[in-house]
Amino acid sequence: MQGTVSAAGELITDVSALLELVTEFKSLVLKHGGAEFPQNVHEQLYSAVGAVFRSWMNNRAVAYRKVCGIPSESGTAVNVQSMVFGNISQNSATGVVFTRNPSTGAKEIFGEFLINAQGEDVVSGNKDPAPISLMERVMPRVYGELVEVCHRLEQSYKDMQDVEFTVQDGKLWILQTRAGKRSAQAAVHLAVAMVKEGLISREEAINRVDHTTLSGLLHPVLDGGSDNAVVCRGLPASPGAASGCVAFTSSDAESLKKQGKNVILVRQETSPEDIGGMSSSVGILTLRGGMTSHAAVVARGMGKPCICGTSGLFIDKSGEFFYNGEGLKVAQGESITINGSTER
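Numbers in my numbering are just positions in the sequence shown, counted from 1, shifted up by 1364.
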């Protein structure tokens, strides 16, 4: 028997450990749900579908719609599909790719992946994934298939796609595709490029560029000759520069904004629960996560500078300051500057 379940990202193959894990999860369901975990698979499916429908009205979904101007009347849809596992072997993987660069609009496959992992591990920011270019070396056949699929999807939808995929024992599965969020710079670049490529008309190109985001083309940049001390370096996830006082929680970011202050939200990683804090901030800095993490994707969509996956930066357990390996400390409320166009 080959047991394969990932708990907190770790593969478990011991049967007794699996049984213990199942018991623990059943206890959590009973404690927080008020009922035993259903054993009928159809009941499980209907419960899962109902949970997705109900999620439309949870606090973070309402906040996100408010920030992005999405009408509450629309509702959400549910897709039901067979499960595939990216954490079943070393010949399995999961990842997210954009058919073009969402920061610049350049015509290149852009994304990240993790070997022997599940999709949530990539987007949550809990792990630091590898650039998709590395996949060409470690899984050349699958990478070639992925590039071809990305091309076909973009030709079909005539827009840059954000694609989630899983590799199970060497077989590629496409889980979903959607129009990818992009920076203002990328939006203009993509619109012009796709007209030249014959994918869309001039009228479609004009309609695709949201005029309210065009100010993002004039986002602040740092003086190249600046000699300010560099606290840390990370991945330039969303372009632009911003200065503001440090906040370690979304609630603090929202509170500081109400006081008329510019805020840089500093987190281990962000989640949908942080949408209010991200909206209230002028920039985002995360210690973990990659270029396709939640923080990176949302920041690009909001037109806010973002640095992810900073190396050598730590948030103190008190949650009152962060520090680097050289002992430099920055407390809550102190000012920092981030440059999402480079890496610092």
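Where a beta carbon is used, it is the ideal one built from N, C-alpha and C, also for glycine.
Helix, strand or coil for residue i, going by three-state DSSP, please let me know.
i	result
residue 1596	coil
residue 1692	coil
residue 1570	helix
residue 1698	coil
residue 1606	strand
residue 1384	helix
residue 1496	helix
residue 1370	Low confidence applies here, because residue 1370 scores a pLDDT of 48, under 50, leaving its location unreliable; read the following figure in that light. Residue 1370 falls in the strand class under three-state DSSP.
residue 1399	coil
residue 1423	helix
residue 1365	The predicted position of residue 1365 is uncertain, since its pLDDT is 34 and thus under 50; no value can be drawn from it.
residue 1706	coil
Measure the beta-carbon distance from residue i to residue j and round it to whole angstroms, keeping in mind my assumption that it falls under 8 Å.
i	j	result
residue 1605	residue 1703	5 Å
residue 1610	residue 1630	5 Å
residue 1700	residue 1670	Contact flag wrong, Cβ pair sits at about 13 Å.
residue 1719	residue 1468	Because residue 1719 is not part of the residues shown, which for the chain are 1365 to 1708, the question remains open.
residue 1533	residue 1455	5 Å
residue 1675	residue 1596	7 Å
residue 1526	residue 1508	Contact flag wrong, Cβ pair sits at about 20 Å.
residue 1664	residue 1466	6 Å
Could you spell out the range, first to last residue, of the alpha helix (DSSP H) harbouring residue i?
i	result
residue 1510	1504-1521
residue 1413	1405-1418
residue 1487	1483-1487
Under DSSP, the beta strand (DSSP E) around residue i begins and ends at which residues?
i	result
residue 1457	1457-1462
residue 1478	1474-1479
Is the beta carbon of residue i within less than 6 Å of some heavy atom of the ligand HEM?
i	result
residue 1694	The ligand content of the structure shown is nil, which means the ligand HEM is not present either.
Taking contact to mean at least 3 C-beta pairs separated by less than 8 Å, is the stretch 1447-1467 in contact with the stretch 1480-1494?
Contact holds: three or more Cβ-Cβ distances are below 8 Å.
Can you confirm whether the stretch 1641-1656 touches the stretch 1489-1499 when touching is taken to mean that 3 or more C-beta pairs between the two stretches lie within less than 8 Å?
yes
May I have a chain-ordered list of the beta strand (DSSP E) segments no shorter than 3 residues that lie completely inside the stretch 1526-1560?
The qualifying runs are 1535-1543.
Mind the definition here: the stretch 1679-1698 touches the stretch 1597-1604 only if three or more C-beta pairs lie below 8 Å; say whether that holds.
no
Just checking, does the stretch 1433-1449 make contact with the stretch 1498-1517 on the three C-beta pairs under 8 Å criterion?
no
Is the stretch 1604-1620 touching the stretch 1637-1650, taking contact as three or more C-beta pairs under 8 Å?
yes
Could I get the ranges of all uninterrupted beta strand (DSSP E) runs contained in the stretch 1618-1687, with 3 residues as the minimum, in chain order?
1627-1631, 1647-1650, 1670-1675 and 1677-1679
Give a yes or no on contact between the stretch 1494-1508 and the stretch 1412-1419, applying the rule of three or more CB pairs nearer than 8 Å.
no
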